[in-house]
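So the sequence shown is numbered by the numbering used here: it starts at 1244 and just counts up by one. C-beta: ideal position from N, C-alpha, C; glycine also.
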Amino acid sequence: MDWGMKNRMAQLIQSDGRCCFLPIDHGYFQGPTRKLEKPGETIKPLLPYCDALFVTRGVLRSSIDPNNAKPIILRVSGGTSMVGKDLANEGLTTSMEEAIRLNVAAVGISIFVGTDYEHESLLNLSKLVDEGEKYGIPVMAVTAVGKELEKRDARYLALASRIAAELGARVVKTYWCENFEKVTNGCPVPVVMAGGPRVDTELEVFEFVHDGIQKGAIGVNLGRNIWQNDYPVAMAKALRAIVHENATPKQAQEIYDGVKSRKQ
Ligand code: 5RP
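Listed below in structure tokens is the structure:
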């Protein structure tokens, strides 16, 4: 691995081999998502507790202070919306030149395995990897499921994650699922977990993140279950403890309750 690639990977994955990425890219197809209407304000109290931000260039330039930022994973795929025909029909929205200009640590792209646009999205990933490798910029592949949340099972996610790794992604972002070890065991590059839509209790989030880490994930790229929570800092601190300090779900709940009682 060349120095630039190594250095960028080290910015993302901390010295303990783990990472907490904070995604705030949802607006690129969902519009002003609840609690992310003003992304700059949403992230301000959360920055100390994340290792990198996953964000589009528009929100990066308009809402993130370049003097006080975290490593950036730049979302470079899109071109569809919640109200359009097919969320899977994404293209590359942002050039590698732009990624270099923005001094990013990585770029991120969604792939849509099993959809009508599987082929295009996988070729987009491959082209992005070709460009990224040229300049030492790692690619994070997002195994997207669009509106079909039922696709979140080990067989499908293992397939999509492995394909992403085969095409050259340096990191794969996927969903947690039952038998998550099938996903991590079949994927030769680091796997991080997304959260998906908000779940009912904090403990459920702590439990699935803890399970995923035990089964080989190196961290999280978890958004709505943090910043849509009434106590986002409490949530971020508790999840960070699971990822970086091997806290149990019970210990994470205690951290959450402690911070919440101080109303942070
Ligand atoms: C949106 C994304 C998000 O980064 C990803 O889904 C993680 O966020 P959340 O935990 O809210 O699901 O790729 O397309």
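Pairing Val1415 with Thr1386 gives a Cβ-Cβ distance under 8 Å. With a minimum length of 4 residues, the unbroken runs of alpha helix (DSSP H) contained wholly in the stretch 1387-1457 fall at 1397-1409, 1424-1428 and 1445-1457.
Distance check between Gly1501 and each of His1487, Asn1489, Glu1488 and Pro1475 places Pro1475 closest, using alpha-carbon atoms only.
The beta carbon of Pro1433 sits closer than 7 Å to the beta carbons of Ile1256, Val1414 and Ile1461 from its chain, once the five residues preceding and following it are set aside; these are given in chain order.
Shortest gap from the CB of His1269 to any heavy atom of the ligand 5RP: under 7 Å.
Checking the DSSP bridge columns, you'll see Val1385 partnered with Ser1353 and Lys1416.
Judged by pairs of C-beta atoms under 8 Å, the stretch 1336-1350 touches the stretch 1283-1303, as three or more such pairs exist. Looking at Thr1444, Leu1482 and Gln1496, the one whose alpha-carbon comes closest to that of Tyr1292 is Leu1482. Counting the other Cβ atoms within 10 Å of the Cβ of Lys1394 gives 16 or more, which makes it buried. A Cβ-Cβ distance of about 6 Å is found for the pair Asp1268 and Thr1299, placing them in contact under the 8 Å criterion.
Taken through DSSP and simplified to helix, strand or coil, Ile1315 comes out as strand. Look at Gly1462 here: in three-state DSSP terms it is strand.
For Leu1296, the enclosing beta strand (DSSP E) has its first and last residue at Ala1295 to Val1298. Judged by DSSP secondary structure, Leu1330 falls outside any beta strand (DSSP E); it is assigned neither H nor E.
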